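Enquirer: Please read through the structure below; I'll follow up with questions.
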Amino acid sequence: MNKVTAILWGFAITASATIIATIAAPGLNQPHDWTMELKTRQMPLQFEYQGSTLKPVVKTELKFYHVGQEENKTLYEYLWYANEKTLGLERKAKLTIAPGENVAIIVSHESESPPESEVVAAAKAVMNAVLDIEVNQSMVATIKVPTSSFNTICSEIEQYNFHPGSSNPNEEVNSDLCLFVESEAGEKKSLYHYN
Amino acid sequence: MRTQQRMNRTGERTSTGNMFVLSGVFMTSTGVAIILALSFAGLLFAFNRLQTTADELAIAGARKLNELDRIGQMNNMIARSRQLVYASRHQLEIAQTHFPQVVELSQKLVDEARDGAHELDQQRLHLRGVNSSEVQTAVMEKFNQLKERHAMVLPWIRVSIPENPQIRIGYIDQVQSNVSLLENLDELQNADQAPAVSDSQSKLYQENINPKLAGSDGDLNFKLSSLPAPVENTVAPARATLAASFKPVPNDDLQSAVQVEIVLQVETMLGAAGSGKFHSIGTALATGANNMQ
């Protein structure tokens, strides 16, 4: 009985370690060289005229910095959205991330309870950032979003032909681009494959 | 010294004289001169007041044009939409050559950028209509407040209420757009430094231009209108300006100036009756743009 118990305990510990490693493998704890901060805010008093369809306006600000150098953030660009349409871009600097390096994208909102339009804008801005990083020959290590925005952002990501990954680690995935999305506290996670 | 005295035919001195007549003539002449002077002053007063009214009407209309900085915001966002379309198309071209796995994603972002540009252009046209309507309303409301003050009836002069004003909406010559030259997209920035697109000294995009993109996005409009740019953080107030500098906007660009022409009927009843019309033109430039938020 003691032998059996010992074997069972050994198996349980090993399995647990494997599961934890699998879940934790892609994530903010993964090594990443750069952080890209993406912050959204509502812009009141924009396009205030009769019959305007360009409000409310959401402005997103993207900054990037090398891990460990938070004091040297570079303002990358601004993006504007209204009614789920992308309106404009103002590029403020070039993306000086070396090819091959990993980037973590961290999304935040200025208000604690952002409206859906603001969260959708954040998701669209994430897609722009993902493409810029990929074309720069860098990789997106993880995308960290506020817990309250997690579901909406994931839903929007799926509109861009990203599909939720299978929980079966043995299933073969034929995709050149994977995105790992997690909530800020880490309690929600999703893996997406691009097809 | 002998005083010359009037003598009658019999050589007797007369007690009659012509001072009364002279006084009468003098006083009559003086009275007429005073009345003429008052008439002239009245006409001058009426004309000056008419010009003041024309200026007030033009400023009332001009204030409506860029209310809450809607033209300034539209100009700025159109320029940024152009950057977005350009950058998205550039990324697609790179993806097609080097990163085929993200071509579809890139194409979708180009499509979104183009949709945004279409929406902005449609809203720009809508705003143009809103501007025209609100300017007409504002000018007529102000006119109805002010028109009664012109009427004047005197025995020798009559000034009527002005006729309804003619309202024209356009822009002021040589006032550039409020948009500062955008940077960090090298090819686009280089192209934008052409004199037809931007001013090398002020670093502002020119007024009433449509700097289309080359290639597949050449069908999109990015029309930038004339509007005074902010100077540091100071916004230019709506103000009266020279009538000669007013021009109608070309095509369907947004308007940033108002010109009002009003006509006043004047009649004089002094001597031969006569009448005529005073014309006054007031021109005003809209409130300038704010800094991009």
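Read top to bottom, the protein sequences are chains A and B. For the record, in the first sequence the residue sitting at position 186 is 186 according to my numbering, with numbers rising by one throughout. Add 1000 to the 1-based position in the second sequence for my numbering, that's all there is to it. By construction, the Cβ of each residue, glycine as well, lies at the ideal position given by its N, Cα and C atoms. Only a predicted model underlies this, so the values are computations on that prediction, with no experimental measurement involved.
(1) For D1217/B, tell me which candidate among N1144/B, Q1096/B, D1111/B, Y1171/B has the shortest Cα-Cα distance.
(2) When DSSP labels each residue in this structure, what does E1261/B get in the three-state scheme?
(3) Give the residues from the segment 43 to 65 of chain A that approach chain B closer than 8 Å (Cβ to any Cβ), ordered along the chain.
(4) Between which two residues does the alpha helix (DSSP H) carrying Y1086/B extend?
(5) Alpha carbon to alpha carbon, how far is H1098/B from L1109/B?
(6) Is L1254/B near R1089/B, with beta carbons less than 9 Å apart?
(7) Pull out every residue of the segment 1044 to 1073 of chain B whose Cβ sits closer than 9 Å to any Cβ of chain A, in chain order.
(8) Name, please, each residue of chain B whose Cβ falls closer than 9 Å to the Cβ of V135/A.
(9) Roughly how many whole angstroms lie between the Cα atoms of E61/A and L1285/B?
(10) Taking the alpha-carbon of E1093/B as reference, which of P31/A, R91/A, D132/A has the nearest alpha-carbon?
(11) Relative to the alpha-carbon of N83/A, which residue among A1060/B, T1052/B, Q1201/B, G1116/B has its alpha-carbon at the smallest distance?
(12) Identify which residue in I1078/B, F1278/B, M1152/B, A1079/B has its Cα closest to the Cα of L1264/B.
(13) Report the option in P114/A, R91/A, V107/A, T53/A whose CA atom is closest to the CA atom of T74/A.
(14) Can you pull the chain A neighbours of M1152/B, defined as C-beta to C-beta under 7 Å?
(15) For V258/A, decide whether its Cβ has a neighbour in chain B, counting only Cβ atoms nearer than 9 Å.
(16) Starting from S1225/B and walking both ways along the beta strand (DSSP E), at which residues does that stretch end?
(17) Take the Cβ of Q1174/B as the centre, count every other Cβ of all protein chains shown within 10 Å, and call the residue buried at 16 or more, exposed below.
(18) Quick one: is G1276/B near chain A, going by C-beta distance under 9 Å?
(19) Chain A beta carbons: is any one of them nearer than 9 Å to that of M1140/B?
(20) Given that N72/A touches chain B, what residues does it touch there, using C-beta distances under 8 Å?
(21) For G1017/B, name the three-state secondary structure that DSSP assigns.
(22) How many angstroms separate the CA atom of K39/A from the CA atom of N151/A?
(23) In chain B, which residues lie with their C-beta within 7 Å of the C-beta of D197/A?
(24) Quick one: using the 10 Å Cβ neighbour count with 16 as the cut-off for buried, is Q1122/B buried or exposed?
(25) Which residues, taken in chain order from the segment 1115 to 1129 of chain B, show a beta carbon closer than 7 Å to some beta carbon of chain A?
(26) Give the residues of chain A in contact with Q1255/B, contact being defined as C-beta atoms less than 9 Å apart.
(27) Identify the contact partners of L1185/B in chain A, using a Cβ-Cβ distance below 7 Å as the criterion.
(28) Straight-line CA distance for K1212/B to D1192/B?
(29) Rounded to whole angstroms, what is the Cα-Cα separation between V103/A and L179/A?
(30) Okay, do the segment 1162 to 1180 of chain B and the segment 1061 to 1079 of chain B touch, 3+ Cβ pairs below 8 Å being the bar?
(31) Beta carbons nearer than 7 Å to chain A: which residues of the segment 1077 to 1091 of chain B have them?
(32) DSSP has T1234/B in a bridge; who is on the other side?
Expert: With the structure as the only source:
(1) Start at 1 with the first residue of the second sequence, and residue 1217/B comes out as number 217. Among N1144/B, Q1096/B, D1111/B, Y1171/B, the Cα nearest to that of D1217/B belongs to D1111/B.
(2) Residue mapping note: residue 1261/B aligns to position 261 of the second sequence, counting from 1. Here E1261/B sits in strand by DSSP.
(3) M43, L45, Q46, F47, E48, Y49, Q50, G51, S52, T53, L54, K59
(4) The residue given as residue 1086/B occupies position 86 in the second sequence. Y1086/B -> alpha helix (DSSP H) spans 1070 to 1098.
(5) As a first step, residue 1098/B must be located in the second sequence, where it is residue number 98. As a first step, residue 1109/B must be located in the second sequence, where it is residue number 109. Spanning the two alpha carbons is a distance of roughly 17 Å.
(6) In the second sequence, the residue the question calls residue 1254/B occupies position 254. In the second sequence, the residue the question calls residue 1089/B occupies position 89. No.
(7) E1067, L1068, D1069, R1070, Q1073
(8) Here the question's residue 135/A lines up with position 135 in the first sequence. Per Cβ cutoff of 9 Å: Q1091, I1094, A1095, H1098, F1099, V1102, S1106.
(9) To locate residue 61/A, count along the first sequence from 1; it is residue 61. To locate residue 1285/B, count along the second sequence from 1; it is residue 285. If you take the alpha carbons of E61/A and L1285/B, they lie about 34 Å apart.
(10) As a first step, residue 1093/B must be located in the second sequence, where it is residue number 93. Among P31/A, R91/A, D132/A, the Cα nearest to that of E1093/B is on D132/A.
(11) The count along the first sequence starts at 1 and reaches residue 83/A at position 83. Nearest option by C-alpha distance: G1116/B.
(12) In the second sequence, counting from the first residue as 1, residue 1264/B sits at position 264. Minimum Cα distance to L1264/B is reached at F1278/B.
(13) The residue you call residue 74/A lines up with position 74 of the first sequence. For T74/A, the nearest C-alpha among the options comes from R91/A.
(14) Walking along the second sequence from the start, residue 1152/B turns up at place 152. Per Cβ cutoff of 7 Å: no residues; M1152/B is ~39 Å from chain A at best.
(15) An answer regarding residue 258/A cannot be provided, because it is not within the stretch 1 to 195 covered by chain A.
(16) On the second sequence, position 225 is the one that residue 1225/B refers to. Unbroken run through S1225/B: none, as it is neither H nor E.
(17) Counted from its first residue, the second sequence places residue 1174/B at position 174. Exposed, by the Cβ-count rule.
(18) Position 276 of the second sequence holds residue 1276/B. G1276/B does not count as touching chain A.
(19) Along the second sequence, one-based indexing puts residue 1140/B at 140. For M1140/B, the answer is no, since every Cβ of chain A falls outside 9 Å of its Cβ.
(20) For the purposes of this step, residue 72/A is identified with residue 72 of the first sequence, where counting begins at 1. Simply none; closest approach about 18 Å.
(21) For this step, residue 1017/B is matched to residue 17 along the second sequence. The answer is coil: DSSP assigns G1017/B none of H, G, I, E or B.
(22) Counting from 1 along the first sequence, the entry for residue 39/A is found at position 39. Counting from 1 along the first sequence, the entry for residue 151/A is found at position 151. In a straight line, the C-alpha of K39/A is about 18 Å away from that of N151/A.
(23) Beyond the ends of chain A as shown, which are 1 and 195, falls residue 197/A; an answer cannot be given.
(24) For this step, residue 1122/B is matched to residue 122 along the second sequence. Per the 10 Å Cβ criterion, exposed.
(25) D1115, G1116, E1119, L1120, Q1123, H1126, L1127
(26) Locating residue 1255/B in the second sequence gives position 255, where the first residue counts as 1. By Cβ distance, chain A contributes nothing, its closest Cβ being about 13 Å from Q1255/B, past 9 Å.
(27) Within the second sequence, numbered from 1, the residue matching residue 1185/B stands at position 185. Ordered by position in chain A, the residues that pass the 7 Å Cβ test against L1185/B are R91.
(28) As a first step, residue 1212/B is located in the second sequence; it is residue number 212 there, counting from the start. As a first step, residue 1192/B is located in the second sequence; it is residue number 192 there, counting from the start. Their backbone Cα atoms lie some 11 Å apart in a straight line.
(29) For the purposes of this step, residue 103/A is identified with residue 103 of the first sequence, where counting begins at 1. For the purposes of this step, residue 179/A is identified with residue 179 of the first sequence, where counting begins at 1. Answer to the nearest angstrom: the Cα atoms are 11 Å apart.
(30) yes
(31) M1077, R1080, S1081, Q1083, L1084, A1087, Q1091
(32) Translated into the one-based positions of the second sequence, residue 1234/B becomes position 234. Per DSSP, V1231/B.
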